[in-house]
Every structure is written in structure tokens, then in C-alpha cells.
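Below is one structure, written out as C-alpha cells, with a few remarks after it.
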Amino acid sequence: MGVEIERKFLVDHAMWQKLDKPPGVHYQQGYIVSDENCTVRIRVTDAHGFITLKGRTSGITRSEYEYEIPVADGLEMLKKFAKNGTEKIRYRIPLGGFTWEVDEFLSDNEGLLIAEIELKSENDKFEKPEWITRDVTDDMRYANSNLATLPYREWPENK
């Protein structure tokens, strides 16, 4: 069974801009299904396409199944089937035996920086980089599928 155990954090913009980081990868992603029980996502980069199915979250754990698909198929699925989506640049930062994935959102979510860390168990201890700020794991507004329907720019506090 595929499992995802993940924590999410906001990123300090000023510190992030000063950080020496690897090149990022541009992602387009769209959602075919997105509700509290199931999410079906298509994700495409220049070199890879993926279809991902995610189940309901319990704590910080949920079932996840991800399969590589041809980029051309992914682009066609985004165009034909995705109801909404997000766009971002993702940076992968190794630290302390884990990899932090930092998403710099574009378009309607521009200005949002989220760092995610995937764990092997809910009790894993990990080092937080100095550019990490608030834990938003339990704030569902920051879920990518929710950012696709209610973008960051449209949040009342950001208008």
C-alpha cells in the first residue's frame, strides 16, 4: 500500500531569497477529482508526467499511489479533464537525511512559499532549516487541491 506522511510549513521570504539553492523544476498540476475522501491529480514537468491518487488524511498520513505517465498524455489529461489546478516551481533541499520540497507558487497563488517534508513515520524527528516559519500541516487552505479552488491571492487577508 502506498502511504504519504507529510508535514507542511511556511517559508520566510527574505531568508529564502538569500539561500543558495539548486535549480527548481516547473510543475503544472490539475485535479480531476478533489474531495475529502479522494484526490486524483495530474502533474507535468518538462520531462515527466504523473497521475496520483490520494486518500483521506488521518493525522499526517494518507494513502497515495503515484504512477509515471507520458508527458504528452499528462498535458492532454490536464486540458481535457482537470477542473482546476496550480502552477509552481519546486526546489529540493536535502538536510539531515530528509529532503525538503519547497514550492514557490505562481499565477493566482503567487507570493506563497510552502515547504514540505515527507517522513517515514509520524514520530520521525527532523531538523528544521532556519527559513522555516509556521507549521500549516493542519490548515487545509494550504493543501494544493484547495489552493486550486481558492487561490492564495483570493484569501480575505491577502486582498
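Numbered by our numbering, the letters in the sequence shown go through residues 857 to 1015 in order.
Here a beta-carbon is modelled for each residue, glycine too, at the ideal position from N, C-alpha and C.
Cβ separation of residue i and residue j, assumed to be a contact under 8 Å, to the nearest whole Å
i       : j      : result
Arg946  : Val881 : 5 Å
Trp1011 : Asp868 : 19 Å between Cβ atoms; not a contact.
Counterpart residues of residue i in DSSP-defined beta bridges
i       : result
Thr1005 : Thr1005 pairs with nothing; no bridge assigned.
Arg990  : According to DSSP, which records beta bridges pairwise, Arg990 is partnered with nothing at all.
Own chain residues within Cβ distance below 8 Å of residue i, not counting five before or after
i       : result
Ile862  : The residue you asked about is not Ile; residue 862 is Glu in the sequence shown. So the list reads Ile916, Glu972, Ile973, Glu974, Leu975 and Thr993, once near-sequence residues are dropped.
Tyr1008 : Phe961, Asp964, Asn965, Glu966, Gly967, Leu968 and Asn1014
Chain-order list of residues whose beta-carbon lies under 6 Å from that of residue i (same chain, five-residue window excluded)
i       : result
Ser1001 : Tyr887, Ser890 and Thr895
Glu943  : Gln884, Leu962 and Ser963
Assigned secondary structure, residue i (DSSP; H/G/I helix, E/B strand, else coil)
i       : result
His904  : coil
Arg918  : strand
Trp1011 : coil
Leu797  : The question about residue 797 has no answer, for the chain in this structure spans 857 to 1015.
Gly981  : First, the residue type needs correcting, since residue 981 is Lys and not Gly in the sequence shown. Three-state DSSP puts Lys981 in coil, outside helix and strand.
Neighbourhood of residue i by C-beta distance below 7 Å, restricted to the same chain and skipping five residues each side
i      : result
Leu931 : Val900
| message | With a threshold of 8 Å, are at least 3 pairs of Cβ atoms found where one atom belongs to the region 898 to 906 and the other to the region 870 to 888? | response | yes
| field | Cβ pair count under 8 Å reaching 3, the region 952 to 959 against the region 967 to 982 | value | yes
| Touch check for the region 959 to 973 and the region 904 to 923: three-plus C-beta pairs under 8 Å? | no
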